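To start, the structure under review is shown below, and the notes come after it.
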Amino acid sequence: MPFYGAFIFKTVFVRTMGKTIKSLLIAIAVRLQFPPFLWLFRWVYHLAIKVSILSIRRIPGVKAIYLSGSLARGDVIYGLSDIDFKIFVHGRRDKSILEAIQDRFALLRKIFPMLGPPDEKGVYFQDDFVTDYHRYPLIQHLFDRWFYQHQRLWGEAAMDPLPLLPLRGVEAHLSYLWRLKCWLEIVMTLNDSPALTEIQKRYLFYKAIGDLSLIYVRLQDPDGSNGGRERALSQMEPYANPEERGCLTQLLKERRLYFRKQIIPLEASYSLFRNFMERCCERLEACDEGPSSSLNTPSLWKGSFQIEGGSNEKDRIKGLCPPDVEILVVPWPHLPLNPLDCKYFGTPTYLIVSKRPFRLEEINRLKRVYRSGMIHQATVLIKDNPHYLYSPFSEQMDHWLSTGISDELTFRLFEAQTTQPMPSLQTERIKERLNIYLSQVEEMMGKEDLYRIDRKIYMQFLFTLVRSLALYRSLLAGRVDFPLKDAEEVASYLKENTPLTHSFIERLQDEYLAVTGSRRPFCEAFFKKTKVFAETFLEVAKTHPSLEGLAWLNRMEDLQTLSISVVIITRSRCVQLTRCLASLLRLDRPPDELIVVDNASRDATREMVQNYQAPFPVRYAYVPEVGYSTARNAGVRIARGEVITFIDDDATVEPEWLTLIENAFLRDPRIGMVGGSIHNMKSDRKDLVYRYFDLVGRM
Amino acid sequence: MMIPVLTDYYEPGYLARPEYETLAAFFPNGNLSIRKEVFAEIGLYDEAFNKAGEDADICRRSATAGWDLYYEQGAVCYHEARRSILDLVRQWWAYGYHGGHFFQKAQKHRCEIFISLEARPRVYRYSRLFKTGKTPFRILLFLTYFSLSHLLFFLALMSFWAGFRWIALFLGAGIVVSAILLYLRSPLKKLSLRQLLIYETMSYIINFSHLLGGLVGGLKQRMLYIGPGL
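Below, the structure written as structure tokens:
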């Protein structure tokens, strides 16, 4: 047996699972913060960086190699430190050099899996860089010496002769402020995020402290040994107070303790950190220098993008590597990107929720930016974005929904009660929410310093406006599946009562920008218009409550409801189906519609469904081709709810079933699927199969 | 020799998070709810899965696209047991038959062998399977106790026939001893003899139909596929 064991181990285990075991070991080592492993990996990481410098400087044409971040012994921690290479190459863009560099890195990454992905992004061809420098704020910021520390490791000085534009005082100030505020938000959400593991929470938290200390060091260093410092910043001393300085010192100490695996209670640190950050923000805000002339102000909207086919897909260890690309999306297309707001660390995607619909042009602009020399393959997958109004997916979806029924499929559709209005409860909630908004707008209009209004409420309100415009447009284009009569009425109503044109909404956007960006005196007329619009929508909600329209309104208002369609696939199982439908009647939360897809039944299923009396709309579809997925697709195509729930025809459900499912979806917009538990139904059967299932259920 | 992934399958709460990029969790179709936006992003059900496996496929696809899968333990539905043994066999045949296609869509390496001596191997723990990339001919073997012991039994028969009695005896003893060891470790120990008989008979039928279905379906997909079984 030992012989066989060794043989199997060699052939099977080592060959096929060696890689996984290796990465697993690394993951465990990093997660446990076990000192010997940590020292080992720190050493290996050092070695990896040095080897990569050695191998890359041999490529002809490479001018200089820079490193962002610190190579100091204590700072290099595998998995936790951000080290980016920046490689300068002579002349114009040359594919062969780029490929050579990438090949080296790919080779090295086979030996050292910890070498990160940013090498492809960090190759700069000097001529291109100089010519394009003013056009791409992304590059401009990456090379901002006043924020990041770049260490030249090898080569001639390439950075100094470049025409780098320094961050102007106000911009630097704003970016510090923004960074602090952003961290504050993140750390506040850490407290009640159920999805993050403890280790991820800690990691983010200590990352925040590290960032804070970086800013602190910059501000404390008037001589500019870190690369310079603005006069405007030197005049304010947010950390001059010894109390605050002590606070920061303690936080940093905790951070050090954390890395030595002496973990301290987290709650106390959270509150300490929060207090400190809030005070910092106040101070920074207090020494505000007036409106910024540039549009580089940090935006409030965030989005994260994953570039498909990124380089780190292969050796990414779960949960430890950053996403390929993670950027902030600036709300309006004419604003540039602000890459300082990117966070290239562990698991940031989790914290960023963007509820704003992306536009096609915006996505294209992003692609253009990334193609400009950072990344070569730019398939942009949109995550975190539950609204597809402007995204290319919406059209695809609409196409499926519109053509699916008539052309692709040859099933007949029978609708029993589709025109029934929704339960009045939801309408009431929508009205409530709209009324709250109206009162908030009225409050805002009463205030004098309008630029200090509550940004969050205002943003919500603006989202309402923009999305309702989208609704209006799709109504006119006939894309929304309103009942026809309703659609005409609503469209004419909106046309008469609101000045909704494209130029109108663009002006809204500009004015909003004026408020948030440069803080010009606020136009009261704008608020008046928005109020009129909200009132119109209130009217619409009162007069036209229908399924699809309410689904749209739900989305607009972030109401805590979802419309759910229950889809049942059945085939010649009339008796069981009757039992299933009877159990649906007992639900606490009735479904918004029920679709029975009949997959070529040969019994009285159709009559049974027609005779079925229910307080919700019931629809029946007949699919002649036999096949589970075909029938399911048919059900998906005709379903109108935001959530589609499948259930087998031979199953019954508990009364609270749908409530729990809805609540689960409402936890997070990124939960795409919810599954429940399936138990064995009790019966009097004595046969072998039943006994077996019963046994397994009890085991 | 298992490769556990850092999160567990069927743990209440979040299952696949965006950062756990390729970890595919799985919900059976009997009690499954999907946002419509998921369909808009990843497309509808794959119609090649005619009889079974379409749920596993869509779960894998959506998890890869970055959607979270959430297991709500309280949302209970009661499912009727299969009417007859024939139904059960048909079902597990279909699981095996479409399993080849399912893994083919996601398999990365040309040849993969997974050895698991668990009573119920959980395929979805093996994250290495769920990576994209295609190669023309494939071998994918889940060597569970069922398939391994059959293989060893076959070897023992052959060696007995060829005259190597001692090797045959050795292999046979290996099968028996490992069966006893496995039994002692598994929760089956708690069952009575009658219950054990029922369990073993039925799981043998299920595993056998799954294996056969997997072989046939795999051949159709130009791959040698031995499914994970029950």
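From first to last, the protein sequence lines are chains A and B. Counting from 1 along the first sequence, just add 572 to a position and that's the residue number in this note's numbering. Counting from 1 along the second sequence, just add 68 to a position and that's the residue number in this note's numbering. The C-beta atom is built at its ideal place from N, Cα and C for all residues, glycine as well. Fair warning: this is a prediction, and the values are worked out from it, not measured in the lab.
*Under a Cβ-count criterion, where at least 16 other Cβ atoms within 10 Å of its own Cβ denotes burial, should A143(B) be classed as buried or exposed?*
Per the 10 Å Cβ criterion, buried.
*Taking DSSP as the reference, what is the three-state secondary structure of A230(B)?*
Here A230(B) sits in helix by DSSP.
*Please list, in chain order, all residues of the same chain as I637(A) whose beta carbon is under 8 Å from its beta carbon, the five residues on each side excluded.*
Excluding sequence neighbours, I637(A) sits near I625, I628, R629, F657, K658, I659, F660, R724, L725, W726, G727.
*asked:* Please report the straight-line C-alpha distance between S217(B) and G240(B), rounded to a whole angstrom.
replied: S217(B) and G240(B): Cα-Cα distance of roughly 9 Å.
*May I have the straight-line CA-CA distance separating L208(B) from D114(B), to the nearest angstrom?*
Between L208(B) and D114(B), the C-alpha separation is close to 21 Å.
*Note down the Cα distance separating V1215(A) from L259(B), rounded to an integer number of angstroms.*
Computed Cα separation, rounded: 42 Å.
*Could you give the C-beta distance for T1231(A) and R1158(A), rounded to a whole number, given that I count them as a contact under 8 Å?*
At roughly 12 Å, the Cβ-Cβ gap does not stay under 8 Å, so T1231(A) and R1158(A) are not in contact.
*Could you name the residues of the region 1177-1197 of chain A whose beta carbon sits closer than 7 Å to any beta carbon of chain B, in the order they occur along the chain?*
Those would be none; no residue qualifies.
*What's the gap between the Cα of R1257(A) and the Cα of L298(B)?*
Rounded to whole angstroms, the separation of the alpha carbons of L298(B) and R1257(A) is 23 Å.
*Among all the DSSP beta bridges, which residues are the ones paired with G727(A)?*
G727(A) is bridged by DSSP to A636(A).
*What's the gap between the Cα of A1154(A) and the Cα of G295(B)?*
The alpha-carbon atoms of A1154(A) and G295(B) are separated by roughly 38 Å.
*In chain A, which residues lie with their C-beta within 8 Å of the C-beta of H147(B)?*
Per Cβ cutoff of 8 Å: D1220, D1222, A1223, I1250, H1251, N1252, M1253.
_Cβ pair I1250(A), C127(B) closer than 7 Å_ = With contacts defined as CB atoms closer than 7 Å, I1250(A) and C127(B) fail to qualify as a contacting pair.
*Check whether Y1192(A) and V1181(A) have beta carbons under 7 Å apart*: Taking 7 Å as the Cβ cut-off, Y1192(A) and V1181(A) qualify as a contacting pair.
*Closest Cβ-Cβ distance between N118(B) and chain A: below 7 Å?*
Using beta-carbon distances, N118(B) counts as an interface residue toward chain A, with a partner under 7 Å.
_Chain-order list of residues whose beta-carbon lies under 8 Å from that of I1141(A) (same chain, five-residue window excluded)_ = Excluding sequence neighbours, I1141(A) sits near V1169, N1171, Y1200, A1203, R1204, G1207, F1218, D1220, D1221.
*Start and end residues, alpha helix (DSSP H) containing H278(B)*: The continuous alpha helix (DSSP H) containing H278(B) extends over residues 261-288.
*Using DSSP with H/G/I as helix, E/B as strand and the rest coil, what is T1224(A)?*
Residue state, collapsed to three classes: strand.
*Is V106(B) close to chain A, meaning its C-beta is less than 7 Å from at least one C-beta of that chain?*
Taking CB atoms only, V106(B) has a neighbour in chain A less than 7 Å away.
*Should L268(B) be flagged as near chain A, meaning a C-beta pair shorter than 7 Å?*
The displayed chain sequence assigns Glu, not Leu, to residue 268(B). So no, E268(B) is outside the interface.
*Name, please, each residue of chain A whose Cβ falls closer than 9 Å to the Cβ of I102(B).*
Taking a Cβ-Cβ cut-off of 9 Å, the neighbours of I102(B) in chain A comprise V1208, V1215, I1216, T1217, F1218, G1244, M1245, V1246, given in sequence order.
*Among the residues of its own chain, which have a CB less than 6 Å from the CB of W161(B), if the five just before and after it don't count?*
Cβ neighbours of W161(B) beyond the five flanking positions: S277, G281.
_Can you check whether the C-beta of V299(B) is within less than 7 Å of a C-beta belonging to chain A?_
Residue 299(B) cannot be examined here, being either before or after the span of chain B that is shown, 69 to 298.
*N212(B) (DSSP reduced to helix, strand or coil)*: Correcting the residue identity first, residue 212(B) is Thr in this sequence and not Asn. T212(B) falls in the coil class under three-state DSSP.
*Which word fits A236(B), buried or exposed, when buried means at least 16 other C-beta atoms lie within 10 angstroms of its C-beta?*
A236(B) is buried by the Cβ-count criterion.
*asked:* Let me confirm a value: D551(A) is counted as buried when at least 16 other C-beta atoms fall within 10 Å, else exposed. Which label applies?
replied: Since the displayed chain A opens at 573 and closes at 1271, residue 551(A) lies outside it and no answer follows.
*Since M1180(A) is in the beta strand (DSSP E), which residue starts that stretch and which ends it?*
No beta strand (DSSP E) contains M1180(A), which is instead part of the alpha helix (DSSP H) from 1177-1183.
_Tell me which residues of the region 123-135 of chain B have at least one Cβ-Cβ distance to chain A shorter than 9 Å, keeping chain order._
Only those residues of the region 123-135 of chain B whose C-beta falls short of 9 Å from the nearest C-beta of chain A are listed: D123, D125, I126, C127, S130, A131, A133, G134, W135.
*Check K1254(A) in the structure and name its three-state DSSP category.*
Correct three-state label for K1254(A): coil.
*Which residue comes first and which comes last in the beta strand (DSSP E) that contains Y1264(A)?*
If you look at Y1264(A), you'll find it isn't in any beta strand (DSSP E); it sits in the alpha helix (DSSP H) that goes 1260-1270.
_Neighbour-count burial assignment, Q289(B), 16 or more Cβ in a 10 Å radius_ = Q289(B) should be labelled buried.
*Using the beta-carbon of each residue, which ones in chain A are nearer than 9 Å to P255(B)?*
Result: M1271.
*Tell me which same chain residues have a C-beta within less than 7 Å of the C-beta of H166(B), skipping the five on either side of it?*
Scanning its chain for C-beta atoms nearer than 7 Å, with the 5 sequence neighbours on each side dropped, one finds around H166(B) the residues F117, K119, A120, G121, G285, in chain order.
*Provide the residue span of the alpha helix (DSSP H) that contains D675(A), from first to last.*
667-683 is the span of the alpha helix (DSSP H), which, as asked, contains D675(A).
*For S1201(A), which residues in chain B fall below 7 Å Cβ to Cβ?*
What S1201(A) touches in chain B, judged by beta-carbon distance under 7 Å, is Y113, D114, E115, F117, N118, E122, going in chain order.
_the region 235-263 of chain B: positions lying closer than 7 Å to chain A by Cβ_ = P255, Q263: these are the residues of the region 235-263 of chain B whose beta carbon lies less than 7 Å from some beta carbon of chain A, given in chain order.
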